[in-house]
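Protein chains in written order, with the working numbering: chain A, 10 to 206; chain B, 10 to 206.
There are 2 protein chains.
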Amino acid sequence: MSLKDQILSTSRTILKREGFGKLSMRKIAREIAVSATSIYLHFDNKDHLIHTLMEESIGELHREMRAALESGHGPAERVRLVAEVYVTFGLEHPQEYEVLFMVRPEEMPRYPKEKFRKARIGYEMLADEIHKGVEAAIFEKRDPVSAAYSLWAQLHGIVSVILNRRLDTRVDQNDFIKTSIDTIVDGLLIRDRIPAN
Amino acid sequence: MSLKDQILSTSRTILKREGFGKLSMRKIAREIAVSATSIYLHFDNKDHLIHTLMEESIGELHREMRAALESGHGPAERVRLVAEVYVTFGLEHPQEYEVLFMVRPEEMPRYPKEKFRKARIGYEMLADEIHKGVEAAIFEKRDPVSAAYSLWAQLHGIVSVILNRRLDTRVDQNDFIKTSIDTIVDGLLIRDRIPAN
DNA sequence: TTCGTAACTTAACAGTGTTAACTTGACTGA
DNA sequence: TCAGTCAAGTTAACACTGTTAAGTTACGAA
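If you want it as structure tokens, here you go:
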């Protein structure tokens, strides 16, 4: 295994074991028994290294989302399944999720912003499915791109409330997830509103 | 003005000007022309200092939320108003918002977790209002605490997608906010579902 | 065999939070 | 008035951080 691969796999180990905040160049190097500066022969800087890890994780998430989309019958079930996959991924890979979606680009200024766009491919999938739902007269008519972002923002909200430990202990986590996804998917469906107020 | 107050106000200035990541004890001290260790005479550590700032900010947010709740007529309008206030606060105070809701307690291990609960008072307000809406047969019947968290998670999703710069440039930010809040508030209303699929 | 280069090293810089030990100045009790 | 106490500040230091510059070493080709 090349040193570059060792750096990546050791980084991932540390990331999972100790979290993003504890991942340092020196710690990675120490664990491989190599000097810290050697990492710079294979990666421009820490941001570059982290983004390389990110790209692998985002690939995995997108594969899982795609599989969920394909296994569901009809837009509503598909959106529900992909929502569940998304939330599950976030909770099962908290450290990766944090880097993927909870780190501000400003904190990684030296890495091309273009790369951040890869983290958005998932929304294209959602937008597609919402478009189909609208055409099938199952979803309320609205702009699919905007609706997909709105849907994603809500899913991200669920994950991040849990990961950031802002959920009250009185609230059961699984109930919370189920209730939230129910509300979110229901929100897409065509319905007769009862006039507010 | 006491040194303690100077530390707090200078911290806030740096926080707004340069962001959470650039706020350091030495920088605060340098700006007041005092030694870095003097800060430790007034605050146990950096976490303590940051939490003190947090408590002031959260007070402001809660005042604004309360005002919104009181100015609206009926549960639906009230929830919409408080949602708008929340999102606006997040976007107008990005640095404070980040510390309040986007920092993991694990990153501030030395400060009592109890203090994080203050950041939750807002949900009590939401839960109250949802309870009223359910009793008035305007909102779908569900557990108010869980529904309030779900609502808050969705609002947090909106704010954090924008602050984390994960919103596509094709999507207009204000449209996105409006669409999302529409969907979220509509999701609370009683409706006749058209069977999915 | 010499040259060039890739892959590594050590030493150093500037920054971080934090602690221990020291100084300074003002107020207090005898 | 003078010693004692104590709070509020100081400097020096430790153990970290990312990163760069310069030096070494080993190997493969001409």
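No residue lacks a Cβ here, since even glycine has one placed at the ideal position from N, Cα and C.
Taking a 10 Å sphere around the C-beta of Gly30 (chain A), we find fewer than 16 other C-beta atoms and assign the residue as exposed. Short of 7 Å from the beta carbon of Lys127 (chain A), and not among the five residues preceding or following it, lie these beta carbons of its own chain, in chain order: Glu64 and Ile67. Note that the C-beta distance between Asp195 (chain A) and Gly196 (chain B) is below 8 Å. Where Ser80 (chain B) is concerned, the enclosing alpha helix (DSSP H) starts and stops at Lys55 to Ser80. Chain-ordered, the chain B residues with CB closer than 8 Å to the CB of Val154 (chain A) read Asp177, Arg179 and Val180.
Residue environment for Leu12 (chain B): exposed (fewer than 16 other C-beta atoms within 10 angstroms of its C-beta). At a cut-off of 8 Å between beta-carbon atoms, Tyr158 (chain A) makes contact with chain B. In this structure, the straight-line span from the alpha carbon of Ile48 (chain B) to that of Asp14 (chain B) is close to 11 Å. Within chain B, the residues placing a beta-carbon under 7 Å from that of Ile167 (chain A) are Ala162, ordered along the chain. Straight across, the Cα-Cα distance linking Leu58 (chain B) with Glu105 (chain B) is about 13 Å. Comparing C-alpha distances from Arg21 (chain A) to each of A:Thr192, A:Leu62 and A:Arg129 shows the shortest one belongs to A:Leu62. In the structure shown, Arg174 (chain A) adopts coil according to DSSP, grouped into three states. Using beta-carbon distances, Met74 (chain B) does not count as an interface residue toward chain A, since no partner is under 8 Å. When the Cα atoms are used, Thr97 (chain A) and Leu24 (chain A) turn out to be separated by approximately 18 Å. Gly28 (chain A) and Glu107 (chain A) have their alpha carbons spaced roughly 9 Å apart. Taking one beta carbon from each stretch, the region 175-186 of chain B and the region 180-187 of chain A have fewer than 3 pairs nearer than 8 Å; the two do not touch.
The alpha-carbon of Lys55 (chain B) is positioned some 41 Å away from that of Glu133 (chain A).
Legend: CB atoms of the region 21-42 of chain A lying less than 8 Å from CB atoms of chain B belong to residues Gly28 and Gly30. Considering only B:Pro153, B:Lys141, B:Ser33 and B:His102, the residue with the shortest C-alpha distance to Leu172 (chain B) is B:His102. Between Arg89 (chain A) and Leu78 (chain A), the C-beta spacing is not below 8 Å. In the three-state reduction of the DSSP assignment, Phe148 (chain B) falls in the strand class, which pools E and B.
Annotation: Asp191 (chain A) to Ala145 (chain B) spans about 22 Å, alpha carbon to alpha carbon.
Spanning the alpha carbons of Met10 (chain A) and Thr19 (chain A) requires a straight line of approximately 12 Å. At a cut-off of 8 Å between beta-carbon atoms, Phe185 (chain A) makes contact with chain B. Collapsing the DSSP output to three states places Leu50 (chain B) in a helix. Under the Cβ distance rule, Gly196 (chain B) counts among the residues neighbouring chain A, one pair being separated by less than 8 Å.
Judged by DSSP secondary structure, Met111 (chain B) falls outside any alpha helix (DSSP H); it is assigned neither H nor E. Interface annotation, Thr97 (chain B): not in contact with chain A, CB-CB separation never under 8 Å. Distance from Arg175 (chain B) to Arg129 (chain A) at the Cβ level is roughly 7 Å; contact confirmed, criterion being Cβ atoms closer than 8 Å. In the three-state scheme derived from DSSP, where H, G and I count as helix and E and B as strand, Leu164 (chain A) is classed as helix. Tyr158 (chain A) is positioned such that its CB atom lies closer than 8 Å to that of Val170 (chain B).
For Ser189 (chain A), the closest Cβ of chain B is nearer than 8 Å. A Cβ of chain A is located within less than 8 Å of the beta carbon of Glu115 (chain B). Chain B has no Cβ within less than 8 Å of the Cβ of Asn54 (chain A).
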